[in-house]
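**Student:**
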Amino acid sequence: MAQLVLSRWKDNEHAARIHRDQFTTIAIPIAYLRLFRIGDLWNGEERIGTDKDFVQETFEDLTINDATVEVAPTGLPLNQGGISLYPLPFSALEAHRDHTGAFCARVPVANNVTLVVPCMELIRFYFGASGGLLKRLFSGALASRQLYTSARINPATGIAHLDLFPGLPGVAASTVGRIAFDPQARKAMRWLVNSGVSAAANKERHYPRTTFPFLGETTLTAQGRWIEQGRHRVFLAERLVRCTHPFPFQKLFYTSQVNLAAMSNASRQKSERMARHDEDPRPKVYLTDGMVARDLQAMAVPSPEDIDCSFPDLMTKHVRRVKTARPVGAHHHAAPDVTLATGDPLSSSNNREAEVTTETAEQAIIETYPEGAAFLHQVIEDVRFEGNDSIEMVPIRDEAASQETPFTRADYLVPTTDSRLETIWATRLSISAPGIEPSLLLLVKEKPPWASENSDDQGILLPYRPDKDPQGHVLEKLLIDFAGMDRGPDPNEGTVNYPGQIGLSYGVSALLPFLMRVWGIENKHYEEQKRQRALSVTPLESGVG
Numbered sequence: 043m044a045q046l047v048l049s050r051w052k053d054n055e056h057a058a059r060i061h062r063d064q065f066t067t068i069a070i071p072i073a074y075l076r077l078f079r080i081g082d083l084w085n086g087e088e089r090i091g092t093d094k095d096f097v098q099e100t101f102e103d104l105t106i107n108d109a110t111v112e113v114a115p116t117g118l119p120l121n122q123g124g125i126s127l128y129p130l131p132f133s134a135l136e137a138h139r140d141h142t143g144a145f146c147a148r149v150p151v152a153n154n155v156t157l158v159v160p161c162m163e164l165i166r167f168y169f170g171a172s173g174g175l176l177k178r179l180f181s182g183a184l185a186s187r188q189l190y191t192s193a194r195i196n197p198a199t200g201i202a203h204l205d206l207f208p209g210l211p212g213v214a215a216s217t218v219g220r221i222a223f224d225p226q227a228r229k230a231m232r233w234l235v236n237s238g239v240s241a242a243a244n245k246e247r248h249y250p251r252t253t254f255p256f257l258g259e260t261t262l263t264a265q266g267r268w269i270e271q272g273r274h275r276v277f278l279a280e281r282l283v284r285c286t287h288p289f290p291f292q293k294l295f296y297t298s299q300v301n302l303a304a305m306s307n308a309s310r311q312k313s314e315r316m317a318r319h320d321e322d323p324r325p326k327v328y329l330t331d332g333m334v335a336r337d338l339q340a341m342a343v344p345s346p347e348d349i350d351c352s353f354p355d356l357m358t359k360h361v362r363r364v365k366t367a368r369p370v371g372a373h374h375h376a377a378p379d380v381t382l383a384t385g386d387p388l389s390s391s392n393n394r395e396a397e398v399t400t401e402t403a404e405q406a407i408i409e410t411y412p413e414g415a416a417f418l419h420q421v422i423e424d425v426r427f428e429g430n431d432s433i434e435m436v437p438i439r440d441e442a443a444s445q446e447t448p449f450t451r452a453d454y455l456v457p458t459t460d461s462r463l464e465t466i467w468a469t470r471l472s473i474s475a476p477g478i479e480p481s482l483l484l485l486v487k488e489k490p491p492w493a494s495e496n497s498d499d500q501g502i503l504l505p506y507r508p509d510k511d512p513q514g515h516v517l518e519k520l521l522i523d524f525a526g527m528d529r530g531p532d533p534n535e536g537t538v539n540y541p542g543q544i545g546l547s548y549g550v551s552a553l554l555p556f557l558m559r560v561w562g563i564e565n566k567h568y569e570e571q572k573r574q575r576a577l578s579v580t581p582l583e584s585g586v587g
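Every letter in the sequence shown is one number past the one before it in the numbering used here, and letter 51, counting from 1, is 93.
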């Protein structure tokens, strides 16, 4: 549980000072921390606004490293030119008098200017995208083992794959990815976990301690207040708003066993009968920390963020789910009252699991590969099942190894913004047959929407060895060249069969004769198929063999 200090608020310009006897301390589940921001105004259990005295400042080109960032209790003075100054004097902030042991990060911005960020705000902003993730980080010494089961990244391309620990939703993927692939983020997490373990062991009040989860430059936008002491100024960042530092990956594929239902679905799907009445269609939400039901889908509770994107870097990067999500159940037409909880699953409970997130609901992207790719995959697997191992489909990159198929969409394989690659799927054929290139790149392009039903997806086979292309430059060129082939060329033009240049492409059915030659199988039905589709034998038969 987290302790929140609240005070009565008066909309009166003469009531600027808040007295200690007006403070109230309440306990909330740590999973709900994202919902409660410093300076928010609440009335009748509803958030009605924010402190009008807040100012928003942007600190450009802020350098974050071990030399510039000091994490210390708020009651520890700053040393400014041999003079000790308390960054948060009681004259300016009465509320923290009883909590001078709470940690803050202090960053020098300019001469006589210091940025002070409470560690709880660092935690809320950088680790609070998922309430479930927050709860795990505060769960004890084993928290770091409950974030992911597997994490891999290709240093050359920045393409990463992450298997989230059971129970964590996809909205936590970016944060967990940062922890998995950035040593500084892991350090920040360890500080947080260790501060809780130490407080529990010593039976002390727990003031979480952490730091920024990255090293380097950033532009940081924050809301708060200026505190002036003589020539020295302190900006107390009571609410972080935006951070531009990049995440440690270019593309992130993740797997998660959790799907989230949006709370807004109920009100959007209300019936006309409800709309004709004056009833408030919005559901009343009750939050608890009790057990949750196993048979109810977890529900997303959006946090009250007022800015489009806290991390602009994520707007330019792919963060994709790579395993099929289970379909969401039918929506209710009305908006019933909902009781949400964050406890462990318990089948006898009537509560539904709540996941406080920075998004209304998880938008799981379910990747489906073209029929042509599925057809070739099935054919090769059928022959292998019969005992012929001459051809094996293997993922081009190791980070795709845990996918349900060996095919990977091309725009996930290379760092490019070329949208044409979204229709191309790639895998590698490992071949053990005399006189045949041992490693071939198989590319399949989805047929366009206007193509006839009887037309094939486009396919091509090219020699390609990943060990000779560690940076992926050859692969990128082959993919982009193939993307530019809007239609099959004239079979009489010939072909090119060496890495770095594209050859001819045909419908995937035309690749079968070459595969059968490798297997040593006669294609009794090929001539009829050739007559029906008017396709020629792929020239790769003579070029590769």
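Each residue gets a CB set at the ideal place from its N, CA and C atoms; glycine is no exception.
Note that the coordinates shown come from a computational prediction; the quantities given were computed from them, not determined experimentally.
Using only the alpha-carbon positions, how far apart do Tyr190 and Val97 sit?
**Tutor:** By 1-based counting over the sequence shown, the position of residue 190 is 148. By 1-based counting over the sequence shown, the position of residue 97 is 55. Using only the alpha carbons, I get a separation of about 38 Å.
**Student:** Could you pull the start and end residues of the beta strand (DSSP E) that Leu554 belongs to?
**Tutor:** Looking up residue 554 in the sequence shown gives position 512. Run containing Leu554: none in the beta strand (DSSP E); it sits in the alpha helix (DSSP H), 554 to 561.
**Student:** Any chance the region 281 to 300 sits against the region 219 to 226, with 3 or more Cβ pairs inside 8 Å?
**Tutor:** yes
**Student:** Residue range of the beta strand (DSSP E) that Ala147 falls in?
**Tutor:** In the sequence shown, the residue the question calls residue 147 occupies position 105. From DSSP, the beta strand (DSSP E) with Ala147 extends over 145 to 152.
**Student:** Should Trp233 and Ile433 be called a contact, given that it needs their Cβ atoms to be closer than 8 Å?
**Tutor:** As a working note, residue 233 is residue 191 in the sequence shown. As a working note, residue 433 is residue 391 in the sequence shown. Contact flag unset, no.
**Student:** Who pairs with Gln271 in a beta bridge, going by DSSP?
**Tutor:** For this step, residue 271 is matched to residue 229 along the sequence shown. According to DSSP, which records beta bridges pairwise, Gln271 is partnered with His274.
**Student:** Do the region 180 to 194 and the region 141 to 160 meet, that is, are 3 or more Cβ pairs less than 8 Å apart?
**Tutor:** no
**Student:** Can you tell me whether Met357 is helix, strand or coil according to DSSP?
**Tutor:** Along the sequence shown, one-based indexing puts residue 357 at 315. Three-state DSSP puts Met357 in a helix.
**Student:** How many angstroms separate the CA atom of Ile106 from the CA atom of Thr260?
**Tutor:** As a position in the sequence shown, residue 106 is number 64, starting the count at 1. As a position in the sequence shown, residue 260 is number 218, starting the count at 1. Their Cα atoms are separated by approximately 8 Å.
**Student:** Helix, strand or coil: which one does DSSP assign to Ser306?
**Tutor:** What you label residue 306 is simply residue 264 of the sequence shown in a count that begins at 1. A caution first: Ser306 carries a pLDDT of 41, below 50, which makes its placement in the model unreliable, though a value can still be read off. DSSP places Ser306 in helix when its eight states are reduced to three.
**Student:** From Glu88 to Asp103, what does the alpha carbon distance come to, in whole angstroms?
**Tutor:** Within the sequence shown, numbered from 1, the residue matching residue 88 stands at position 46. Within the sequence shown, numbered from 1, the residue matching residue 103 stands at position 61. Their backbone Cα atoms lie some 37 Å apart in a straight line.
**Student:** In this structure, how does DSSP classify Ala468 when only helix, strand and coil are distinguished?
**Tutor:** Locating residue 468 in the sequence shown gives position 426, where the first residue counts as 1. The three-state reading of DSSP puts Ala468 in strand, counting E and B together.
**Student:** Return helix, strand or coil for Glu479, following the three-state DSSP convention.
**Tutor:** As a first step, residue 479 must be located in the sequence shown, where it is residue number 437. Coil at Glu479, not helix or strand.
**Student:** Which of the three DSSP states, helix, strand or coil, is assigned to Cys285?
**Tutor:** To locate residue 285, count along the sequence shown from 1; it is residue 243. Note: Cys285 maps to strand in three-state DSSP.
**Student:** Along the chain, where does the alpha helix (DSSP H) containing Glu163 start, and where does it finish?
**Tutor:** Here the question's residue 163 lines up with position 121 in the sequence shown. 161 to 169 is the extent of the alpha helix (DSSP H) around Glu163.
**Student:** Which same chain residues, not among the five before or five after Gln513, have their C-beta less than 6 Å away from its C-beta?
**Tutor:** Within the sequence shown, numbered from 1, the residue matching residue 513 stands at position 471. Once the five neighbours on either side are set aside, the close Cβ partners of Gln513 are Ala198.
**Student:** What does the alpha-carbon distance come out to for the pair Pro437 and Asp511?
**Tutor:** On the sequence shown, residue 437 is found 395 positions in, with the first residue counted as 1. On the sequence shown, residue 511 is found 469 positions in, with the first residue counted as 1. About 15 Å.
**Student:** Given Ala114, which residues of its chain have a CB within under 8 Å of its CB, disregarding the five upstream and five downstream residues?
**Tutor:** Walking along the sequence shown from the start, residue 114 turns up at place 72. Phe145, Cys146, Arg148, listed in sequence order.
**Student:** In this structure, how does DSSP classify Ala198 when only helix, strand and coil are distinguished?
**Tutor:** Here residue 198 corresponds to residue number 156 of the sequence shown, with the count starting at 1. Note: Ala198 maps to coil in three-state DSSP.
**Student:** Can you check whether the CB of Ile466 is closer than 8 Å to the CB of Glu280?
**Tutor:** In the sequence shown, the residue the question calls residue 280 occupies position 238. In the sequence shown, the residue the question calls residue 466 occupies position 424. Taking the C-beta atoms as reference points, Ile466 is found no nearer than 8 Å to Glu280.
**Student:** Under three-state DSSP, which class holds Ser432?
**Tutor:** Counted from its first residue, the sequence shown places residue 432 at position 390. If DSSP states are grouped into helix, strand and coil, Ser432 belongs with coil.
**Student:** Under a three-way DSSP split, which group does Glu423 fall into?
**Tutor:** Start at 1 with the first residue of the sequence shown, and residue 423 comes out as number 381. Here Glu423 sits in helix by DSSP.
**Student:** Does the separation of the CB atoms of Gly91 and Gly117 fall below 8 Å?
**Tutor:** In the sequence shown, the residue the question calls residue 91 occupies position 49. In the sequence shown, the residue the question calls residue 117 occupies position 75. Here Gly91 is not near Gly117, since their CB atoms are 8 Å or more apart.
**Student:** Could you tell me which residues DSSP puts in a beta bridge with Ser192?
**Tutor:** Along the sequence shown, one-based indexing puts residue 192 at 150. Asp205, per the DSSP bridge assignment.
**Student:** Grab me the residues of Glu464's own chain with a C-beta within less than 7 Å of its C-beta, minus the 5 sequence neighbours each way, in chain order.
**Tutor:** As a position in the sequence shown, residue 464 is number 422, starting the count at 1. Taken in chain order, the residues that qualify are Arg451, Asp453.
**Student:** Between the beta-carbon of Leu204 and the beta-carbon of Val300, is there less than 8 Å?
**Tutor:** If you number the sequence shown from 1, residue 204 lands on position 162. If you number the sequence shown from 1, residue 300 lands on position 258. No, the Cβ-Cβ distance between Leu204 and Val300 is not below 8 Å.
**Student:** Output the distance between the C-alpha atoms of Thr458 and Gln500, rounded to the nearest integer angstrom.
**Tutor:** Reading the sequence shown from its first residue, position 416 is the one you call residue 458. Reading the sequence shown from its first residue, position 458 is the one you call residue 500. If I take the Cα positions, the gap works out to 21 Å.
**Student:** Output the distance between the C-alpha atoms of Ser172 and Arg178, rounded to the nearest integer angstrom.
**Tutor:** Here the question's residue 172 lines up with position 130 in the sequence shown. Here the question's residue 178 lines up with position 136 in the sequence shown. As the crow flies, the alpha-carbon of Ser172 is around 10 Å from that of Arg178.
**Student:** On the criterion of 16 or more Cβ atoms from any shown chain inside 10 Å, does Lys245 qualify as buried, or is it exposed?
**Tutor:** To locate residue 245, count along the sequence shown from 1; it is residue 203. Using a 10 angstroms sphere on the CB of Lys245, the tally of other CB atoms stays under 16, which defines it as exposed.
**Student:** Going by DSSP in three states, Pro115 sits in which element: helix, strand or coil?
**Tutor:** Along the sequence shown, one-based indexing puts residue 115 at 73. Here Pro115 sits in strand by DSSP.
**Student:** Could you check the C-alpha separation between Lys487 and Ser472 for me, to the nearest Å?
**Tutor:** Sequence index remark: in the sequence shown, residue 487 carries index 445 (1-based). Sequence index remark: in the sequence shown, residue 472 carries index 430 (1-based). Approximately 20 Å between the Cα atoms of the pair.
**Student:** What do you get for Cys351, buried or exposed, if any count of 16 or more other CB atoms within 10 angstroms of its CB means buried?
**Tutor:** As a first step, residue 351 is located in the sequence shown; it is residue number 309 there, counting from the start. It is exposed - the Cβ of Cys351 has fewer than 16 other Cβ atoms within 10 Å.
**Student:** My understanding is that Ser298 touches Leu176, with C-beta atoms under 8 Å, so please give their C-beta distance in whole angstroms.
**Tutor:** Within the sequence shown, residue 298 is the residue found at index 256, counting from 1. Within the sequence shown, residue 176 is the residue found at index 134, counting from 1. The Cβ separation is near 16 Å, so there is no contact.
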